[in-house]
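Novice:
Numbering (UniProt numbering), first residue to last: 1 to 476.
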């Protein structure tokens, strides 16, 4: 990968990431605020990869050429101790022969091999049922921690920031602020030396409005080359295999990767942003809470007087769980998955200290993990969270208020958002049984995660140190 690789950056982390990535990559299509902050002119042409904040603001997605996505991902993975990175087996633009595994009210779940995707019925001509084979393309990837599946389509596209192509469409369309601009972009297509294959239509994206003619032709040429690669892969697939081989990958013209930024990483991003412009302590931590928080932070920074600590009390009062409200416990895993441990009631909160107590009523039967006591109807779990702490305890009690043990989860620093508590589980935990016995558990799972490169050696050592400290306290 050459130093001239071009990237576009979008979302709440843009200033910090532009600063961190600017020496290694050429940043293009910068927004007006970024141009003002960096006091320089950015190029306006097509990107090799784009860096985009995820919908939930917890991290970023990388989309584009494989080598560039890999290099950007490697650099961003160095940001902080609780930054996690995963490559997506269902990247944007990838084509699959999938198998329908389930039909829902509005679409079908399609088995793509390593991951499922969601295909809306409105994207299909005709009816499909469980077991049917269908050729699909990933149009909107989803991060591994998301509850949503990648969004699929049956139409084939080439994605870009200046121009995109659509197979089976014989027209030119343009995204522009007015009709005159759209017509001008459409007419410009006829002037460009690059010929578009007859089965492909052109869409000029918003990035084309600022691009020079030479940049437009270069973007179109790159898109045509990728379209020809897809056509070749489709021809090979038609000649090489039968439906019995599904699910199978037909083509992966681009790569996709995901990065989750934990609380410590957000503070590192604050430091990077602070080298460029005024930055409130906890800037990215606050903005990650809610869309409205971005506007509040921007306003506060206009009035900002330097201070050393994150205003966590104000942050949680405005953008934390509500007292007497409900909150989900979003339990991230180092391999990228995220699932909910359930929903609980906020029964106590101290926003200045960043402390919350959540009560859950337990259902079902079985035993409590590693503790060994019976799980029965009427049991309650009392969990105490503190913003920024590397662990949290859950005390289980019976309907008669008898102790059934305490489970202390070791994790990346806890963050408290309006509707959820978020962290990434670090496997090793400590339990205290009703008889007072204290035991550290799941060290082997932590070792396996390190061997699988899901957890860095530095982060694993931090987890072990935290677990040892918790163990000593519980034994007293």
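Using N, Cα and C, we set each Cβ at its ideal position, and we do this for glycine too.
Where does residue 299 sit, in a helix, a strand or coil, going by DSSP?
Specialist: Of the three classes helix, strand and coil, the one that applies to residue 299 here is helix, per DSSP.
Novice: Would you report the Cα separation of residue 456 and residue 449, rounded to the nearest angstrom?
Specialist: Computed Cα separation, rounded: 9 Å.
Novice: Can you tell me whether DSSP reads residue 399 as helix, strand or coil?
Specialist: Note: residue 399 maps to coil in three-state DSSP.
Novice: Sorted by chain position, which residues of the same chain lie with C-beta nearer than 7 Å to residue 49's C-beta, five sequence neighbours on each side aside?
Specialist: Closer than 7 Å at the Cβ level, and outside the excluded window around residue 49, lie 7, 62, 63, 64, 65, 68, 69 and 72.
Novice: What does the alpha-carbon distance come out to for the pair residue 234 and residue 137?
Specialist: Approximately 12 Å, taken between the alpha carbons.
Novice: Measuring alpha carbon to alpha carbon, tell me which residue in 74, 438 and 422 is nearest residue 429.
Specialist: It is 438 whose Cα lies nearest to the Cα of residue 429.
Novice: DSSP three-state call for residue 348: helix, strand or coil?
Specialist: In this structure, residue 348 counts as strand in the three-state DSSP scheme.
Novice: Which value, in whole angstroms, describes the spacing of the CA atoms of residue 283 and residue 289?
Specialist: C-alpha separation (whole angstroms): 11 Å.
Novice: By how many angstroms is the C-alpha of residue 44 removed from the C-alpha of residue 27?
Specialist: Those two C-alpha atoms are separated by around 9 Å.
Novice: Would you identify the three-state DSSP class for residue 427, choosing helix, strand or coil?
Specialist: Strand.
Novice: List the endpoints of the continuous beta strand (DSSP E) containing residue 382.
Specialist: That run of the beta strand (DSSP E) goes 380-386.
Novice: Which residue from 25, 129, 111 and 368 puts its Cα closest to that of residue 405?
Specialist: Checked all of 25, 129, 111 and 368; the closest Cα to residue 405 is 368.
Novice: Do the segment 336-350 and the segment 320-328 meet, that is, are 3 or more Cβ pairs less than 8 Å apart?
Specialist: Yes, the segment 336-350 is in contact with the segment 320-328.
Novice: Looking at the secondary structure, which residues open and close the alpha helix (DSSP H) in which residue 213 lies?
Specialist: It spans 213-240 - the alpha helix (DSSP H) in which residue 213 sits, taken as one unbroken run.
Novice: Would you check if there are 3 or more beta carbon pairs closer than 8 Å linking the segment 93-110 to the segment 162-173?
Specialist: Judged by Cβ distances under 8 Å, the segment 93-110 makes no contact with the segment 162-173, as fewer than three pairs qualify.
Novice: Which residue's Cα is closest to the Cα of residue 251: 87, 396, 157 and 86?
Specialist: If we check each option's Cα against that of residue 251, 157 comes out closest.
Novice: Are residue 293 and residue 280 touching if we call contact CB-CB under 8 Å?
Specialist: No, Cβ-Cβ distance for residue 293 and residue 280 is not below 8 Å.
Novice: Have a look at residue 525 and residue 100 and give me their C-alpha separation to the nearest angstrom.
Specialist: Because the chain spans 1 through 476 in this model, residue 525 falls outside it and cannot be assessed.
Novice: Given a cut-off of 8 Å on the beta-carbon distance, is the pair residue 410 and residue 421 in contact?
Specialist: No, the Cβ-Cβ distance between residue 410 and residue 421 is not below 8 Å.
Novice: At a cut-off of 7 Å, is residue 177 close to the ligand FMN when judged by its beta-carbon and the heavy atoms of the ligand?
Specialist: With respect to small molecules bound, the structure shown includes none, and the ligand FMN cannot be examined in it.
Novice: If you check the beta carbons only, do residue 201 and residue 165 fall under 8 Å apart?
Specialist: Yes. Within cutoff.
Novice: Based on Cα-Cα distance, which residue from 401, 334, 432 and 443 lies nearest to residue 84?
Specialist: For the residues 401, 334, 432 and 443, the minimum Cα distance to residue 84 belongs to 334.
Novice: What did DSSP end up calling residue 209 once you bin it into helix, strand or coil?
Specialist: Residue 209 falls in the helix class under three-state DSSP.
Novice: I'd like to know if the segment 184-195 and the segment 218-227 are in contact, where contact means that at least 3 CB-CB pairs between them fall below 8 Å.
Specialist: Verdict: yes, contact present.
Novice: Using a 10 Å radius around the Cβ and a threshold of 16 neighbouring Cβ atoms, would you call residue 58 buried or exposed?
Specialist: Result: buried.
Novice: Since residue 21 and residue 75 should fall inside the 8 Å C-beta cutoff, what is the C-beta to C-beta distance between them, to a whole number of angstroms?
Specialist: About 6 Å separates the two Cβ atoms, so the contact holds.
Novice: Kindly list the residues whose CB is nearer than 6 Å to the CB of residue 139, restricted to its own chain and excluding five residues on each side of it in sequence; keep chain order.
Specialist: So the list reads 151 and 153, once near-sequence residues are dropped.
Novice: Please classify residue 280: does DSSP put it in a helix, a strand, or coil?
Specialist: Residue 280 falls in the coil class under three-state DSSP.
Novice: Whose C-alpha, out of 316, 473 and 458, is nearest the C-alpha of residue 77?
Specialist: For the residues 316, 473 and 458, the minimum Cα distance to residue 77 belongs to 458.
Novice: Are the CB atoms of residue 11 and residue 52 within a distance shorter than 8 Å?
Specialist: Contact: yes.
Novice: DSSP three-state call for residue 439: helix, strand or coil?
Specialist: Three-state DSSP puts residue 439 in a strand.
Novice: Return the CA-CA distance between residue 103 and residue 120, expressed in angstroms with no decimal places.
Specialist: Cα to Cα, residue 103 sits roughly 10 Å from residue 120.
Novice: In chain order, which continuous runs of the alpha helix (DSSP H) of length 4 or greater are located wholly inside the segment 51-98?
Specialist: Segments of the alpha helix (DSSP H) lying fully in the segment 51-98: 66-76.
Novice: From the DSSP output, read off the bridge partner residues of residue 138.
Specialist: According to DSSP, which records beta bridges pairwise, residue 138 is partnered with 152.
Novice: For residue 177, does the count of other Cβ atoms within 10 angstroms reach 16, so buried, or fall short, so exposed?
Specialist: By the 10 Å Cβ count, residue 177 comes out exposed.
Novice: So who's on the other strand from residue 360, going by DSSP bridges?
Specialist: Residue 360 pairs with 381.
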